[in-house]
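A short write-up of the structure that comes next.
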Amino acid sequence: MALIDIYRGLPVTLPNELETEVQTRVLRDVLSSAISFARQEESMKMLSEELFRCSRESCTLAEQIQVIEKQSPDIINAKMVAAAYLLKLLNEKPPGKANDPRLQ
10 MALIDIYRGL PVTLPNELET EVQTRVLRDV LSSAISFARQ EESMKMLSEE
60 LFRCSRESCT LAEQIQVIEK QSPDIINAKM VAAAYLLKLL NEKPPGKAND
110 PRLQ
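Following this line, the structure appears as structure tokens:
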């Protein structure tokens with residue numbers, strides 16, 4: 010949920026205990042989904058480049074606060090829609106699959 014607030018430009022207090030590895034995994038999922046939600050080809054390219062950087066290095070929620078200040082509304086919107094979509098998918102997990110490590 011914090012990620013959606015970040016993309017909306019709201020002030021967010023980030024939890025200290027959230028591991029960088031978890032943040033990187035979530036952001037990679039968001040970025041890979043955001044590519045398909047972008048409307049402009051240039052936005053898709055920039056999201057792809059950001060995803061590539063995130064896959065080679067760690068990326069954090071704190072970095073997203075700084076990154077979005079320089080990004081176009083199309084990119085920010087694509088990220089927000091992707092984050093909301095992934096949140097929806099996580100909330101719709103079937104009860105028996107909740108402990109399946111492949112879904113985390």
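Numbering-wise (my numbering), the sequence shown opens with residue 10 and increments by one.
Just so you know, even glycine gets a beta-carbon here, dropped at the ideal spot from N, CA and C.
With residue i as the anchor, note down where its alpha helix (DSSP H) starts and where it stops.
| i | result |
| --- | --- |
| E50 | E50 to R65 |
| E72 | L70 to V76 |
| E101 | Here E101 belongs to no alpha helix (DSSP H), and DSSP marks it neither H nor E. |
| V21 | V21 -> no alpha helix (DSSP H), and no H or E assigned at all. |
| L40 | T29 to F46 |
Which same chain residues, not among the five before or five after residue i, have their C-beta less than 8 Å away from its C-beta?
| i | result |
| --- | --- |
| T69 | T29, Q32, T33 and L36 |
| C63 | T33, L36, R37 and L40 |
| Y10 | At residue 10 the sequence reads Met, which differs from the Tyr that was named. Around M10: L96. |
Among residues of its own chain, excluding the 5 on either side of residue i, which ones have a beta-carbon nearer than 7 Å to its beta-carbon?
| i | result |
| --- | --- |
| M55 | I84 |
| K88 | Y16, V39 and A43 |
| A92 | L12, I13, Y16 and V39 |
| V90 | F46 |
| S81 | S52 |
| V76 | none |
| E59 | L40 |
Quick one: residues in its chain with C-beta nearer than 6 Å to the C-beta of residue i, no 5 flanking neighbours on either side, listed in chain order?
| i | result |
| --- | --- |
| Q113 | Low confidence applies to Q113: its pLDDT is 49, below 50, so where it sits in the model is not reliable, and the reading given next is rough at best. So no residue of the chain qualifies. |
| Q73 | I15 |
Report whether the distance from the Cβ of residue i to the nearest heavy atom of the ligand COA is below 7 Å.
| i | result |
| --- | --- |
| I44 | Here there are no bound small molecules, and the ligand COA is not part of this structure. |
I'd like to know if residue i contacts chain B, where contact means its C-beta is closer than 8 Å to some C-beta of that chain.
| i | result |
| --- | --- |
| Q73 | Annotation note: the requested chain B is absent from the structure, which comprises a single protein chain. |
Self-check item: the segment 41-54 contacting the segment 11-28, beta-carbon criterion three pairs below 8 Å
Solution: Verdict: no, contact absent.
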